[in-house]
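>
Protein chains in written order, with the numbering used here: chain A, 399 to 758; chain B, 399 to 758.
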């Protein structure tokens, strides 16, 4: 199995696609919730029961074909900074990061597959893909699910489907979601209407870090609400259609801005470039918002399109835990804000040199 | 006499001193209020009386040694844009700009002397000098006053001194003021305390355009409140001392920032440079605030000191009327904001080239 540092040495597979298709839909994710028949759910299992489930699942997971040379670690063996890095990378949930002994994370080498053992359910199987590709993400998660089902007995009811700790996951146990970058709809002030429409279609909209988090950097997560009464394929098809529609609205919004409000658009992306190339102190939140504008400028070829990749790298790399991981130490918020500004200036330098270098 | 366009072709003498002394105190101004004995004050004079006063004063003013080849114009003959330019250049007051027939402005070639006829008083004599030099400004105004007194009979009372339309000017009729740039005290959050102290010393603090205007670009006007019971020399000495003290506090604040908070300081001046070199739309207010930071960066040699002069030129040139005068037409606010951003980028370009030129 792989060391944590080795895992972090490379970006996840889905972080570097560079696909022009990803200019609106950045990533697609599917996760399946599964539980072992006859065992208490983690939330009310005693420690020993949780450990028993963990060792049962762990033994099977290790042999999965997709998990060769992957990363496997009990949460109690991870430092809080490491946990936070995995959360920022969407490889484990915030809930899982809060757990310790008896809970584990398993991640494949490409970071396209991750398994959470003893999160809310005994097992959560997650697959991430770049761009809008929920079908493929589902296929990968489903493969793991099938492999595991050969050796584990999942709690399943003929009428209700997969049984889960929380009734909102009952049935398919599937939550499919995509991360969308919607600066055009935000600038056009159409975002409220679009998100309202999404809600009416029975889908959920969330911020960058899932439930209860605010939207930063014009990033929105759209996912299915219901897991019951529809097949996985129906859910994926519906979601793919809606996200495809939103992606087209976003593209139209951008073209409209370019045509009708070119100066406003250039002002917004220009200011973002000006601030990011000159700031000496910048919060994670402010950085995300300016990076969003920079990414938009690159998508629209106002800037060099080579900035797309830099922006995506910085979207992730400027997050608090990633930043501290790169610095190889814990940093106070103020020191982080200084390092973040420096990292951004450094990474933009070859494409966007500052008017003046004042950082000594 | 000179045409308006000729007057505007050159900056005022006090706008281009380039003196390093002017890094805190930008300009010094003195104005004397005078009225003709036996004539009603302009505020309650009938039109004919005002015209009579105007022609009397005008005849004398034309022959003043300092006014040779100057500019002389009745307010009714100026377009509103021209009036506004003179206000922005502090050559006439906002009150005078609101007047028409029967009121006039007289300005010397160097724009260091201006006379307002039939403003609140029959005559206001104003002299402007760069840097902290209230004595010299007073000397210039006083010379004009003495020349005029040879030919005009001013309303003067042995006990009260010069009689004025408003009792707050009674006595010396003198208002002396300096324009201070105090970004260091603002960043250090000491400004409130300093201004409170100024008030306790019997002096008044105002924003960029005098009474009732807010402080923009960290610019503050400090002037004497009382005109009665003290000699001109005493008033000037007191004011010069207080302004000298504030100037030193400001210098100390800047050095403290440079020593104790270099990153914050560089962040603020860096962001200003980033925004000014990249914005495509910018309001007068926002421009002033960023130019203030840029000027501070130049004063502290974080940027090339050659930016000082550019900043001072832009402080004036980005004002709404100056901008429209340069464009040779009236512009809607939005068009002004676009032109202002372009003017700033153009004038900064040789010293601070943008990371990317996106203005087409």
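Each residue gets a CB set at the ideal place from its N, CA and C atoms; glycine is no exception.
Computed from a predicted structure; not experimentally measured.
Alpha carbon to alpha carbon, what distance is there between residue 555/B and residue 454/B?
By 1-based counting over the second chain, the position of residue 454/B is 56. By 1-based counting over the second chain, the position of residue 555/B is 157. Taking the straight line from one Cα to the other gives about 21 Å.
> Quick one: list the residues of chain B neighbouring residue 669/A, beta-carbon separation under 7 Å, in chain order.
Against the first chain, residue 669/A aligns to sequence position 271. In chain order: 673, 676 and 677.
> Taking only three categories from DSSP, how would you classify residue 471/A?
Reading the first chain from its first residue, position 73 is the one you call residue 471/A. Of the three classes helix, strand and coil, the one that applies to residue 471/A here is strand, per DSSP.
> With residue 682/B as the anchor, note down where its alpha helix (DSSP H) starts and where it stops.
Within the second chain, numbered from 1, the residue matching residue 682/B stands at position 284. Unbroken alpha helix (DSSP H) run through residue 682/B: 682-697.
> Under 8 Å, do residue 742/A and residue 679/A count as touching if we go by C-beta distance?
Position 344 of the first chain, counted from the first residue, corresponds to residue 742/A. Position 281 of the first chain, counted from the first residue, corresponds to residue 679/A. Not in contact: residue 742/A and residue 679/A (Cβ atoms no closer than 8 Å).
> Going by the beta-carbon positions, is the gap between residue 508/B and residue 495/B smaller than 8 Å?
Translated into positions along the second chain, residue 508/B becomes position 110. Translated into positions along the second chain, residue 495/B becomes position 97. For residue 508/B and residue 495/B, no; Cβs fall outside 8 Å.
> Mapping the DSSP letters down to three states, classify residue 719/B as helix, strand or coil.
Stepping through the second chain from its first residue, residue 719/B is reached at position 321. Residue state, collapsed to three classes: helix.
> Indicate the three-state DSSP secondary structure (helix, strand or coil) for residue 752/A in the structure shown.
The count along the first chain starts at 1 and reaches residue 752/A at position 354. Coil, per DSSP.
> What are the partner residues of residue 503/A, as DSSP defines its beta bridges?
Within the first chain, the letter at position 105 stands for residue 503/A. Bridge partners of residue 503/A: 471/A and 514/A.
> Taking any Cβ of chain B, which residues in the stretch 513-524 of chain A have a Cβ under 7 Å from it, in chain order?
Flagged: no residues at all.
> Per DSSP, residue 402/B forms a beta bridge with which residues?
Walking along the second chain from the start, residue 402/B turns up at place 4. Answer is none; residue 402/B lacks a bridge partner.
> So what does DSSP say about residue 446/B, is it helix, strand or coil?
Here residue 446/B is taken as the residue at index 48 of the second chain, counted from 1. Reduced to three states, the DSSP call for residue 446/B is helix.
> Whose Cβ in chain B lies nearer than 9 Å to the Cβ of residue 708/A?
Taking the first chain and counting its residues from 1, the one referred to as residue 708/A is at position 310. Near residue 708/A there are no residues of chain B at all, since even the closest Cβ is about 13 Å away, more than 9 Å.
> For residue 399/A, count the other beta carbons within 10 Å of its own beta carbon; 16 or more makes it buried, fewer makes it exposed. Which is it?
For this step, residue 399/A is matched to residue 1 along the first chain. Result: exposed.
> For residue 681/A and residue 598/A, what's the separation of their Cα atoms in angstroms?
Along the first chain, one-based indexing puts residue 681/A at 283. Along the first chain, one-based indexing puts residue 598/A at 200. Their Cα atoms are separated by approximately 34 Å.
> With DSSP run on the structure shown, which of helix, strand or coil describes residue 492/A?
Start at 1 with the first residue of the first chain, and residue 492/A comes out as number 94. Residue state, collapsed to three classes: helix.
> Closest Cβ-Cβ distance between residue 422/B and chain A: below 8 Å?
Mapped onto the second chain, residue 422/B falls at position 24. Chain A contact via Cβ: absent.
> Quick one: what's got a C-beta closer than 6 Å to residue 606/A's C-beta in the same chain, skipping five residues either side?
In the first chain, counting from the first residue as 1, residue 606/A sits at position 208. Answer for residue 606/A: 614 and 617, listed in chain order.
> Would you say residue 665/B reaches chain A, if we count a Cβ-Cβ gap shorter than 8 Å as a contact?
Here residue 665/B corresponds to residue number 267 of the second chain, with the count starting at 1. Yes, because at least one Cβ of chain A sits closer than 8 Å to the Cβ of residue 665/B.
> With a CB to CB cut of under 7 Å and the five nearest residues on each side skipped, what residues in its chain are close to residue 500/A?
Start at 1 with the first residue of the first chain, and residue 500/A comes out as number 102. Excluding sequence neighbours, residue 500/A sits near 445, 448, 449, 452 and 516.
> Closer than 9 Å by beta-carbon distance: list the chain B residues that pair up with residue 662/A, in chain order.
Locating residue 662/A in the first chain gives position 264, counting from the first residue. Within 9 Å Cβ-Cβ: 678 and 679.
> Below 7 Å CB to CB, which residues in the same chain sit around residue 717/B once its five sequence neighbours on both sides are set aside?
Position 319 of the second chain holds residue 717/B. Around residue 717/B: 486 and 682.
> Excluding sequence positions up to five away, which residues of its chain have a Cβ less than 8 Å from the Cβ of residue 549/A?
Position 151 of the first chain, counted from the start, is the residue given in the question as residue 549/A. 458.
> Report the residue from 750/A, 428/A and 662/A whose alpha carbon sits nearest the alpha carbon of residue 572/A.
Position 174 of the first chain, counting from 1, holds the residue named residue 572/A. With distances taken between Cα atoms, residue 572/A lies closest to 428/A.
> Measuring only between beta-carbons, confirm whether residue 753/B sits less than 8 Å from chain A.
Taking the first residue of the second chain as position 1, residue 753/B is located at position 355. Yes - at least one Cβ of chain A is within 8 Å of the one on residue 753/B.
> If contacts are defined as beta-carbon pairs under 8 Å, then residue 523/A and residue 430/A qualify, I think. What distance do you get, rounded to the angstrom?
If you number the first chain from 1, residue 523/A lands on position 125. If you number the first chain from 1, residue 430/A lands on position 32. So it is a contact: roughly 5 Å between Cβ atoms.
> If you draw a straight line from the alpha carbon of residue 754/B to that of residue 676/B, how long is it in whole angstroms?
Residue numbering aside, residue 754/B sits at position 356 when the second chain is read from its first letter. Residue numbering aside, residue 676/B sits at position 278 when the second chain is read from its first letter. Cα to Cα, residue 754/B sits roughly 8 Å from residue 676/B.
> I need the DSSP call for residue 634/A, collapsed to helix, strand or coil.
Translated into positions along the first chain, residue 634/A becomes position 236. Reduced to three states, the DSSP call for residue 634/A is helix.
> Quick one: give me the first and last residue of the beta strand (DSSP E) that residue 822/A is part of.
Given a span of 399 to 758 for chain A in the structure shown, any question on residue 822/A remains unanswerable.
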